[in-house]
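The structure under discussion appears below in the form of structure tokens.
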Amino acid sequence: RAKGQGTQRWALYDADSHAREIARSTLCTHLPTALERGEFFLEYQPLVSLANGSVVGAEALVRWRHPQHGTLGPDAFVPLAEQTGLIVPLGRWVLETACAQARAWQRELPGVPLRINVNLAPQQARCPELVHDVLRILKEAELEPQALCLEVTENALIGADDQALHALRRLTDHGVAIALDDFGTGYSNFSHLHRLPVDTLKIDRSLIGDLAAAGEPDPTAEKILTALVSLARALGLTVTAEGVETADQADRLRALGCDTAQGWLYGRPGAADALPALAASLSGSLLEAVPDDQSSP
Ligand code: C2E
Ligand code: MG
Ligand code: MG
Ligand code: MG
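Per the numbering used here, residue 8 is the first one in the sequence shown, and the count goes up by one each step.
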């Protein structure tokens with residue numbers, strides 16, 4: 008009988024899924040201790056005001072410097088971290104690191120109000136310690152709550168229980184902003200939207216990609232975006248577009264009334280110390296207002 012089962016398993020064997028399983032199990036072996044080994048790091052991607060082209064903040068994006076596989080993006084390990092529960096301590100580390108970084112930028116660039124966006128996994132939103140953790144982290148970083156924006160996906164919020172919504176609302180009461188990430192990809196329940204503690208709609212790059220693709224205006228994408236922007240306006244929300252890759256797309260988004268943009272056009276995710284130079288090159292006038300000699304103690 009054991010032999011029979013073995014035969015059956017071999018019948019289902021396929022090289023791709025076998026390779027995937029090996030990759031998964033080596034990731035599983037290393038993931039639980041990767042945090043204490045200091046193998047995670049953050050990259051930051053600028054958020055730019057469409058009105059004047061200045062950098063208004065950055066999104067923190069987690070990476071894993073894996074001892075065998077090199078640098079891995081979040082798609083390779085965040086789902087695994089969610090399954091194993093590691094996402095809660097990992098997410099807390101991301102918040103701590105990103106908030107400390109935001110404070111460092113503020114010190115380096117006085118007078119340039121930079122906001123930090125941090126992705127929040129569904130499990131983190133459900134964690135009873137969320138409010139306490141976030142407020143503690145802000146206090147330790149000496150960062151004002153208004154400088155933090157938590158990005159939550161639509162699906163996470165719609166599936167969220169009252170407790171998670173209550174926690175997010177308490178954070179917004181303290182001044183933390185909440186963005187609905189990847190908006191337009193999930194089950195967009197518009198009637199539900201006004202009851203969610205959300206300040207910003209972050210429109211998914213799949214919708215932006217269709218806009219002015221190859222320089223050709225796409226009437227359908229334009230109509231959808233026009234509708235989303237007016238929906239956001241009606242609800243008093245700001246709109247961020249992600250995945251902006253071309254100047255044509257940025258022009259269209261500005262004309263449609265979009266507030267903020269993020270994408271390769273402005274900068275790829277990169278090291279924290281690259282941001283001040285980028286902020287300077289995208290908005291030289293803002294930084295020229297701060298004389299050099301003020302930065303030395
Ligand atoms: P997201 O929050 O929607 O982040 C934006 C993703 O789009 C990033 O991918 C970014 O590198 C990519 N991107 C930005 N601009 C462009 C562009 O112009 N063109 C294209 N093609 N792509 C662009 P990344 O870094 O691979 O992150 C993937 C996802 O992983 C994120 O999507 C986010 O949902 C998740 N993630 C990242 N960091 C964290 C984290 O600390 N915690 C949690 N829970 N999830 C995270
Ligand atoms: Mg995000
Ligand atoms: Mg996003
Ligand atoms: Mg996205």
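Backbone N, C-alpha and C fix where the C-beta goes; we use that ideal spot for every residue, glycine too. In this text the structure is predicted, and so the values were computed from the model without any measurement.
_Buried or exposed by the 16-neighbour rule on C-beta atoms within 10 Å, applied to K209_ = Taking the sequence shown and counting its residues from 1, one reaches residue 209 at position 202. Buried, because 16 or more other Cβ atoms sit within 10 Å of the Cβ of K209.
*Verify the contact flag: E66, CB atom, against every heavy atom of ligand 2, threshold strictly below 7 Å.*
Position 59 of the sequence shown, counting from 1, holds the residue named residue 66. Under cutoff, so the answer is yes.
*Please list, in chain order, all residues of the same chain as D189 whose beta carbon is under 6 Å from its beta carbon, the five residues on each side excluded.*
Residue 189 sits at position 182 when you count from the first residue of the sequence shown. Same-chain partners within the cutoff: T160 and D211.
*asked:* For L68 and K230, what's the separation of their Cα atoms in angstroms?
replied: Numbered from 1 along the sequence shown, position 61 holds the residue referred to as residue 68. Numbered from 1 along the sequence shown, position 223 holds the residue referred to as residue 230. Rounded to whole angstroms, L68 to K230 spans 30 Å at the Cα level.
*Residues whose Cβ lies closer than 5 Å to any heavy atom of ligand 3, in chain order*: In chain order, the residues that have a beta carbon nearer than 5 Å to some heavy atom of ligand 3 are D188, D189 and E249.
*Looking only at its own chain, which residues have a Cβ that is under 6 Å from the Cβ of L127, when we skip the five neighbours before and after it?*
Within the sequence shown, the letter at position 120 stands for residue 127. So the list reads L157 and V159, once near-sequence residues are dropped.
*Would you check if the distance between the CB atom of N124 and the CB atom of E66 is smaller than 8 Å?*
Start at 1 with the first residue of the sequence shown, and residue 124 comes out as number 117. Start at 1 with the first residue of the sequence shown, and residue 66 comes out as number 59. Yes, these two residues count as a Cβ contact at 8 Å.
*Which partner residues does Q130 have in the DSSP bridge list?*
Start at 1 with the first residue of the sequence shown, and residue 130 comes out as number 123. In DSSP, Q130 forms no bridge with anything.
*Mind checking whether the beta-carbon of N196 lies closer than 7 Å to any heavy atom of ligand 2?*
Looking up residue 196 in the sequence shown gives position 189. Residue side-chain check: N196 keeps its Cβ at 7 Å or more from all non-hydrogen atoms of ligand 2.
*Under 8 Å by Cβ, that's how I've got L57 and A268 pegged, so tell me the actual separation to the nearest angstrom.*
Numbered from 1 along the sequence shown, position 50 holds the residue referred to as residue 57. Numbered from 1 along the sequence shown, position 261 holds the residue referred to as residue 268. Their Cβ separation, rounded to whole angstroms, is 5 Å, which keeps L57 and A268 in contact under 8 Å.
*Is D180 buried or exposed, if buried means 16 or more other CB atoms sit within 10 Å of its CB?*
Position 173 of the sequence shown, counted from the first residue, corresponds to residue 180. Classification of D180: exposed, given that the 10 Å Cβ count is below 16.
*Go ahead and pull the three-state DSSP assignment for P81.*
On the sequence shown, position 74 is the one that residue 81 refers to. Here P81 sits in helix by DSSP.
_Measuring straight from C-alpha to C-alpha, what distance separates L232 and S195?_
The sequence position of residue 232 within the sequence shown is 225, counting from 1. The sequence position of residue 195 within the sequence shown is 188, counting from 1. The alpha-carbon atoms of L232 and S195 are separated by roughly 14 Å.
*Just how far apart, CA to CA, sit T33 and R202?*
Along the sequence shown, one-based indexing puts residue 33 at 26. Along the sequence shown, one-based indexing puts residue 202 at 195. Computed Cα separation, rounded: 42 Å.
*So is D266 buried or exposed if we call it buried at 16+ other beta carbons inside 10 Å?*
Your numbering for residue 266 matches position 259 in the sequence shown. Under this definition D266 is a buried residue.
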